[in-house]
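Chains as they are written, first to last, in my numbering: chain A, 1 to 281; chain B, 1001 to 1281.
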């Protein structure tokens, strides 16, 4: 059985993404932080990881981009999931009983309109949506509610007080499936690779990015995402994360060779199969 | 006296940025949210705003990009500030007395290593670093500390327990100075405009971004930042925010005309003077 490390506990959105991607029974290895996934994987070459990388509301998760750059695991696949949050508490609790809401900062932000409609309620951060739900169950604490998935409410025997409380219903997260290089072929959805993610550094000179993108377009490579990121320690200089899609893998490999002399510190973060459908949780 | 709306209370980092930019006595108008700045400005054509737009640790503040796109205020200037956080509480409190830390989610994230070193402490979100400090003063509550600026600790008569608690010391934030179009010339640092910010939409076709950047480079325009953002409601399509610098303003204006037929929904968010120095708070 495949072992998949996720940030968060059972019922976390990463858990849902992992089950959707593999569609078979897997063993979930809960981690408190994204960094812990990579640390655990250093000691276990068969460990697979799942990590959110961007969200239609919050944009790119920048620290996770750094983790990809600094570690050896490769992107083996991606999964796009619609995120819908619930407010859940001990059975029998009603909305007017709730005086404190606990969840992950990202989930709290995504439900900001709902939270603003409850001015008397205290908002408390937690590392994880699902673990927040578990603590309410374990502590048997009335008056506290978690913002979490419907699955987490089920797993920890909480009652859903409200569902669909996210401000924007078009709230999608893109998750990456990570694995050691030798494991990647087994984990890819198919051998028809049509997407890749890269990171590189460019000098701050006129046209440096334009040259790179021109070369990619000459090779019929499509750019689906670009993000310039500050380089910590060299303020206001930038590195670039880009996602490419293509129909011809050989052409893509040639294009990478062609841009190599134009960029610094190029790293291919993964070559995988694009997820063309968005799954509702 | 100029009236400057900021997110947060007196002593907030936005307050520091405003005072640094204007270098003269100003009237600060505290707002609870960034949106409130724009709402207040709709009723007062002389109101100036200050808004963080990117940070070397967290990257771009995406919701603030949206506010710029959807509202009429223009970028009249920018200010880059090094952010250094303190842990502050009622006078006489020591680190071991603190059982709860309150601050803005961004500040909490920036001090994550310090917070992780205090496993017994509860972490509570607040809308603002400075208002968190004020509440401790007003409530006269021992055992609670705020993560806030040194200025906020002073303003609200708190004692600094630890300073420089940010995980990465190279923590810089870029603030934008916003004003109604008629006010912009008065607020710009000088008439030597050398920077502009744009937003536009591109079709997902091969080479569409490459063409735009090529045209800009033919006009000797330098790209200092690019961010592709998801368009909410049209998932996994992207709009682009870019910052440009240039030495010839006429050339820059010509380049904008030249890219106009290649992009959709182009909006110039502002034309201003680049801040070339970073000020420590």
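Yeah, the Cβ is synthetic: ideal placement off N, Cα and C, and Gly gets one too. Keep in mind the model is a prediction, meaning the values are calculated, not measured.
Beta-carbon spacing of residue i, residue j below 8 angstroms
| i | j | result |
| --- | --- | --- |
| residue 1149 (chain B) | residue 1011 (chain B) | yes |
| residue 75 (chain A) | residue 191 (chain A) | no |
| residue 133 (chain A) | residue 158 (chain A) | yes |
| residue 1227 (chain B) | residue 228 (chain A) | yes |
| residue 1171 (chain B) | residue 1056 (chain B) | yes |
| residue 252 (chain A) | residue 244 (chain A) | yes |
| residue 1013 (chain B) | residue 1115 (chain B) | no |
| residue 78 (chain A) | residue 176 (chain A) | yes |
| residue 267 (chain A) | residue 199 (chain A) | yes |
| residue 86 (chain A) | residue 160 (chain A) | yes |
| residue 1129 (chain B) | residue 1146 (chain B) | yes |
| residue 5 (chain A) | residue 37 (chain A) | yes |
| residue 265 (chain A) | residue 215 (chain A) | no |
| residue 220 (chain A) | residue 273 (chain A) | no |
| residue 1034 (chain B) | residue 1002 (chain B) | no |
| residue 95 (chain A) | residue 140 (chain A) | no |
| residue 210 (chain A) | residue 1210 (chain B) | yes |
| residue 1165 (chain B) | residue 1102 (chain B) | no |
| residue 1153 (chain B) | residue 1112 (chain B) | no |
| residue 279 (chain A) | residue 71 (chain A) | no |
| residue 124 (chain A) | residue 1029 (chain B) | no |
Reduced DSSP secondary structure (H/G/I, E/B, other) of residue i
| i | result |
| --- | --- |
| residue 91 (chain A) | coil |
| residue 161 (chain A) | strand |
| residue 1007 (chain B) | strand |
| residue 1065 (chain B) | helix |
| residue 1048 (chain B) | strand |
| residue 1105 (chain B) | helix |
| residue 20 (chain A) | helix |
| residue 1129 (chain B) | helix |
| residue 1078 (chain B) | strand |
| residue 134 (chain A) | helix |
| residue 119 (chain A) | coil |
| residue 1124 (chain B) | strand |
| residue 1144 (chain B) | strand |
| residue 1273 (chain B) | coil |
| residue 1035 (chain B) | helix |
| residue 1263 (chain B) | coil |
| residue 1154 (chain B) | helix |
| residue 98 (chain A) | coil |
| residue 1057 (chain B) | coil |
| residue 1083 (chain B) | coil |
| residue 40 (chain A) | helix |
| residue 1182 (chain B) | helix |
CB-CB length for residue i against residue j, believed under 8 angstroms
| i | j | result |
| --- | --- | --- |
| residue 54 (chain A) | residue 174 (chain A) | 5 angstroms |
| residue 41 (chain A) | residue 180 (chain A) | 7 angstroms |
| residue 136 (chain A) | residue 121 (chain A) | Wrong, their Cβ atoms sit about 14 angstroms apart, outside the cutoff. |
| residue 1241 (chain B) | residue 1104 (chain B) | The Cβ separation is near 23 angstroms, so there is no contact. |
| residue 81 (chain A) | residue 1059 (chain B) | Residue 81 (chain A) to residue 1059 (chain B), Cβ: 22 angstroms. No contact. |
| residue 1262 (chain B) | residue 1048 (chain B) | Between residue 1048 (chain B) and residue 1262 (chain B) the Cβ distance is about 34 angstroms, and since that is not below 8 angstroms, they are no contact. |
| residue 1207 (chain B) | residue 247 (chain A) | That belief does not hold up - the Cβ atoms of residue 1207 (chain B) and residue 247 (chain A) are roughly 15 angstroms apart, past 8 angstroms. |
| residue 1051 (chain B) | residue 1007 (chain B) | 7 angstroms |
| residue 183 (chain A) | residue 46 (chain A) | 7 angstroms |
| residue 68 (chain A) | residue 260 (chain A) | Incorrect: roughly 19 angstroms between the Cβ atoms, too far for contact. |
Chain-ordered chain E contacts of residue i [CB-CB under 9 angstroms]
| i | result |
| --- | --- |
| residue 1105 (chain B) | The chain inventory of the structure shown lacks chain E, comprising the protein chains A and B. |
- Query: In chain order, which continuous runs of the alpha helix (DSSP H) of length 4 or greater are located wholly inside the segment 191–261 of chain A?
  - Reply: 208–218, 249–259
Residues in the segment 244–266 of chain A having any Cβ partner in chain B nearer than 7 angstroms:
When CB distances to chain B are screened at a threshold of 7 angstroms, not a single residue of the segment 244–266 of chain A falls below it.
Closer than 9 angstroms between beta carbons: that is the criterion. Which residues of the segment 1206–1217 of chain B meet it against chain A? 1206, 1207, 1208, 1209, 1210, 1211, 1212, 1213, 1214, 1215, 1216, 1217
Point to revise | Residues, ordered as in the chain, of the segment 82–103 of chain A that lie near chain B by beta-carbon distance below 7 angstroms | key: none
| Just by C-beta distance, which residues in the segment 1219–1232 of chain B are closer than 8 angstroms to chain A? | 1220, 1221, 1222, 1223, 1224, 1225, 1226, 1227, 1228, 1229, 1230, 1232
Using Cβ-Cβ distances below 7 angstroms, what residues of the segment 131–156 of chain A are close to chain B?
none
* Residues of the segment 1041–1059 of chain B with a CB closer than 9 angstroms to any CB of chain A: list them in chain order, please. => 1054, 1055, 1056, 1057, 1058, 1059
Going along the chain, which residues of the segment 1009–1027 of chain B sit with their C-beta nearer than 8 angstroms to a C-beta in chain A?
none
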